[in-house]
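I have placed the structure first, in the form of structure tokens, so that the comments after it can refer back to it.
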Amino acid sequence: MSLPRFDYRAPKTVEEAIELRQEFGDDALVMAGGLATMILLRERLVSPRVIVSLSEVPALRRIEANGGLRIGAMVTHSEVAGSTLVAKTAPMLRGACKRVGSPAIRNMGTLGGSICHGDAASDTAPALLALGAEAVIAGPAGDRRLPLNEFFVGMLTTALRGNELLTALYVPQPAAGTETRFIKYTATSAEAFSTVTVAVWIALDDTRTCVDARIGLGSIAPTPLRAAAAENVLRGQKLSREVIAEAAAAAMTCTDPSSGGQGSAGYRREMTGVWVRRLLDDMASR
Amino acid sequence: MTQRLSLTVNGEHHELDVPENRTLFQLIRENLHLTGTKDACRQGVCGSCTVLVDGIAIRSCLALAVRCHGKHITTVEGLKTDGKVNRLQQEFMDAGAVQCGYCTPGMLMMATALLRENAAPTDEEVREALIGNLCRCTGYGRVVRAVVAAGASRGTEPAKPLAAEQ
């Protein structure tokens with residue numbers, strides 16, 4: 001089936017893109033890499049009058065290091081995976097990007113597009129949540145930053161307002177003593193959507209006591225989310241068998257899965273506990 | 287609404303007026319009548335519509351044609367050199383890697399992109415690169431053998447740019 005009719009605009013700057021957003025309001029749809037958008041268009045799930053393509057905005061294609069990492073919204077998953085800056089500052093994000101779909105999908109799909117789509121099965125969202133990333137958002141009144149865990153507000157719904165644009169993801173500089181683990185667990189083939197994705201970030205002091213923890217989960221609720229209850233179990237504790245088991249059980253209580261091709265709701269909840277435990281076990285054994 | 291596009295496909299320059307809602311896949315087949323590129327899923331999953339845009343493998347079913355203004359596109363028709371099939375295509379034939387053939391153009395384009403980055407890939411690396419190219423005849427073993435052979439035959443010599451892109 002061919003695509004519905006629309007006008008196509010390709011602004012050259014963020015400011016022009018925001019002006020188009022204001023001009024056309026809900027009649028405009030912003031296209032990043034275009035993967036999700038093209039499928040939504042083809043299925044007639046969206047019918048915008050205007051497509052605002054970000055493909056001609058060079059400012060959105062840069063990765064910069066300034067007290068952390070600022071990854072432009074239009075940087076592709078392949079580019080994130082191939083970046084030495086990302087490999088140094090956020091190796092878990094590199095790992096997550098290497099697990100997105102297949103190579104041609106990674107060449108097209110962008111980090112910002114994937115985050116704005118707000119799909120619970122995003123491979124990168126759990127890693128970014130665990131890394132404490134922030135959404136850098138531009139609007140008519142200027143920039144604002146929002147912690148990523150406040151960005152996902154419902155199924156395929158984000159906190160982005162109608163006249164705003166996600167311009168970058170900001171990943172803070174890792175402090176000494178922090179460790180990360182990531183798993184995209186698929187029940188069918190490796191390029192499929194995950195049954196559950198788990199990303200763990202912990203900060204350990206000299207006595208190997210966990211002083212802080214962030215756990216990002218994907219595919220187990222209407223949105224990607226932080227397993228706050230599991231994080232609370234870990235803070236101030238050594239990673240003993242008992243503490244890890246308690247954290248894994250707490251992570252399961254954070255889930256609200258649905259059943260689908262990649263697993264039943266019960267299986268997804270169970271696997272959330274299994275993978276939180278395994279990743280923490282692996283960290284504890286170092 | 288249409289837009290005037292200027293792009294190079296398999297080394298040949300084209301100027302054409304294209305509706306804004308046309309996909310690159312439609313442009314290749316319906317405007318340029320290059321029917322080697324196939325589609326099946328139209329969701330980016332199956333890999334049969336894979337082409338190269340400025341040397342990078344993408345899904346033509348999920349790409350808007352208007353986004354390809356000024357770009358170099360290579361389709362399976364662009365692989366032939368001096369009017370003959372190239373080394374990779376020959377290895378596909380020698381290995382018996384073509385059954386019904388529907389997935390073959392996509393496989394060839396993805397393998398071409400791989401061989402440019404990695405002149406002599408291992409079995410594992412070929413499987414990883416072709417993870418998003420589905421063969422419903424399930425002839426994967428021979429496909430992998432063909433790509434590995436195409437790499438090995440060239441040793442570690444870096445891949446030459448395709449004739450179509452020079």
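Going down the list, the sequences are from chains A and B. For the first sequence, position 2 (counting from the first letter as 1) is numbered 2 according to the numbering used here, and the numbering increases by one without interruption. Count along the second sequence starting at 1, add 286, and that's the number in the numbering used here. For glycine and all other residues, C-beta sits at the position ideal for the given N, C-alpha and C. Every value quoted in this text rests on a predicted model; they were computed, and no experiment measured them.
Would DSSP call A:A168 helix, strand or coil? strand
Local conformation of A:T124 per DSSP, three classes: helix
Excluding the 5 residues flanking A:V50 on each side, which residues of the same chain have their C-beta closer than 8 angstroms to its C-beta? F6, D7, Y8, R9, L20, F24, D27, A28, L29
Three-state secondary structure (DSSP) of A:I220: coil
7 angstroms CB neighbourhood of B:V362 in its chain, flanking five on each side removed: G322, T323, P391, L394, M395
Give me, in chain order, the residues of the same chain whose beta-carbon lies closer than 6 angstroms to that of B:Q452; leave out the 5 immediate sequence neighbours on both sides. At B:Q452, the pLDDT of 45 sits below 50, so the modelled position is not reliable and the matter cannot be decided from this model.
Do you know whose CA, among B:R431, B:L310, B:S292, B:M287, lies nearest B:D380's CA? B:R431
CB contact below 8 angstroms: A:G101 versus chain B: yes
With 16 other CB atoms within 10 Å as the buried threshold, where does A:D119 fall? buried
Tell me the rounded alpha-carbon separation between B:K366 and B:G341. 16 angstroms
Write down the C-beta distance between A:A87 and A:D123 rounded to the nearest angstrom, noting that I regard them as a contact closer than 8 angstroms. 17 angstroms between Cβ atoms; not a contact.
Is A:C210 helix, strand or coil by DSSP? strand
What did DSSP end up calling B:Q289 once you bin it into helix, strand or coil? strand
What are the residues of the region 64-96 of chain A that lie near chain B, defined by any Cβ-Cβ distance shorter than 7 angstroms? none
Determine the direct distance from the alpha carbon of A:V80 to that of A:G216, and round the result to whole angstroms. 19 angstroms
Can you look up A:R277 in the DSSP assignment and give me helix, strand or coil? helix
What do you reckon, are the CB atoms on A:T13 and A:A73 nearer than 8 angstroms? no
Proximal chain B residues relative to A:Y8, where beta-carbon distance stays under 9 angstroms: M287, Q289, E306, N307, L350, V352, R353
In or out: A:S219 buried (at least 16 other Cβ within 10 Å) or exposed? buried
Any residues in the region 326-343 of chain B with a beta carbon nearer than 9 angstroms to a beta carbon of chain A? Which ones, in chain order? R328, Q329, G330, V331, G333, T336, V339, I342, A343
In this structure, how does DSSP classify A:Q237 when only helix, strand and coil are distinguished? strand
To the nearest angstrom, report how far apart A:R144 and A:T157 are at their CA atoms. 18 angstroms
Which term fits A:V153, buried or exposed, when burial requires 16 or more other beta carbons within 10 angstroms of its beta carbon? exposed
Could you say if the region 91-107 of chain A and the region 171-188 of chain A meet the contact criterion of at least three C-beta pairs nearer than 8 angstroms? yes
For A:E23, the three-state DSSP class (helix, strand or coil): helix
Ordered along the chain, which non-local residues of its own chain (more than five positions away) have a Cβ less than 8 angstroms from that of B:P407? L400, L401, A415, V433, V434, G437
Within 10 angstroms of the Cβ of B:Q375, are there 16 or more other Cβ atoms? Answer buried if so, exposed if not. buried
How long is the line joining the alpha carbons of A:V196 and A:C116, rounded to whole angstroms? 20 angstroms
If you count every other CB in all the chains shown that lies within 10 Å of the CB of A:L45, and 16 or more means buried, which is it? exposed
By the DSSP assignment, the beta strand (DSSP E) with A:L3 in it spans what residues? Careful: A:L3 lies outside any beta strand (DSSP E) and carries neither H nor E.
Taking C-beta to C-beta, are A:L169 and A:G112 nearer than 8 angstroms? yes
How would you list, in chain order, the residues of chain B whose beta-carbon sits under 9 angstroms from the beta-carbon of A:I39? R328, Q329, G330, L348
Check the Cβ of B:I417 against every Cβ in chain A and list those closer than 9 angstroms, keeping chain order. G101, S102, P103, S189, A190, E191
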